[in-house]
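To keep things clear, I will list the structure first and then write my remarks on it.
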Amino acid sequence: MKKLYLLLCSLALVGCSITPPELGISGESLKDCPATPNCISSINNGSGDMAPIIFNGSKANAKEKLLSIIRSLPRTTVVEKRDNYLRVEFRSQLFGFVDDVEFLLSQTQSNKTKIDFRSASRLGLSDLGVNKARMKKVTALFAK
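All residue numbers for the sequence shown refer to this note's numbering, where the first residue is 309 and numbers rise by one.
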């Protein structure tokens, strides 16, 4: 039992301390998800990924609404904020594992704002659907 406890504590510390993988913008897009099931993206519209969020309004208003939604969710930290890009860390409740979530805002030709996103776990191969559920929640809150 003591060994199991030590193993769980070690995993928790590792999950909290790993530096994020290479993130950010590649060209005019977010970077692709790895070939593991612990990442969801609006960029790779295949293999179960989601559509981007479309907002009827300016990029500035979309970003303000997005920040408000993010700040209303538990265990979140806005790590990087630029004109068209946000990077947010979400921590799991039990062990504090970090998921990196990125948002890229762009204006469409019809004066709407498209918000692409990428949500990925830093550790492990599977996230048990946590990233997809989170992005469905953000998308639903954005639609309100």
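We put the CB at the ideal spot given by N, CA and C, even for glycine.
query: Residues bridged to S334 (per DSSP); result: S337
query: Alpha-carbon to alpha-carbon, P342 and K367; result: 28 Å
query: Bridge partners - R442, DSSP secondary structure assignment; result: Its beta-bridge partners do not exist; DSSP assigns none.
query: Inter-residue Cα distance where the pair is S418 and I362; result: 11 Å
query: Nearest-angstrom Cα separation, counted from P382 out to S434; result: 21 Å
query: Assigned secondary structure, C324 (DSSP; H/G/I helix, E/B strand, else coil); result: Low per-residue confidence applies at C324: pLDDT is 49, beneath 50, and the placement is therefore not dependable, though the value from the model is reported in the following sentence. Of the three classes helix, strand and coil, the one that applies to C324 here is helix, per DSSP.
query: Between the CA atoms of Q415 and T385 - distance to the nearest angstrom; result: 25 Å
query: Contact under 7 Å by Cβ, L413 with N392; result: yes
query: E410 classed as buried or exposed, judged by whether at least 16 other C-beta atoms fall within 10 angstroms; result: buried
query: Beta-carbon proximity list for V446, same chain, < 7 Å, skipping 5 on both sides; result: I377
query: Per DSSP, cross-strand counterpart(s) of F363; result: T421
query: According to DSSP, residues forming a beta bridge with Q415; result: T421
query: Whole-Å CB distance - R395 paired with V406, under 8 Å assumed; result: Not a contact, Cβ separation roughly 12 Å.
query: For D357 and A370, the rounded distance between their alpha carbons; result: 22 Å
query: Buried versus exposed call for S380 [16 or more other C-beta atoms within 10 Å across all chains shown]; result: exposed
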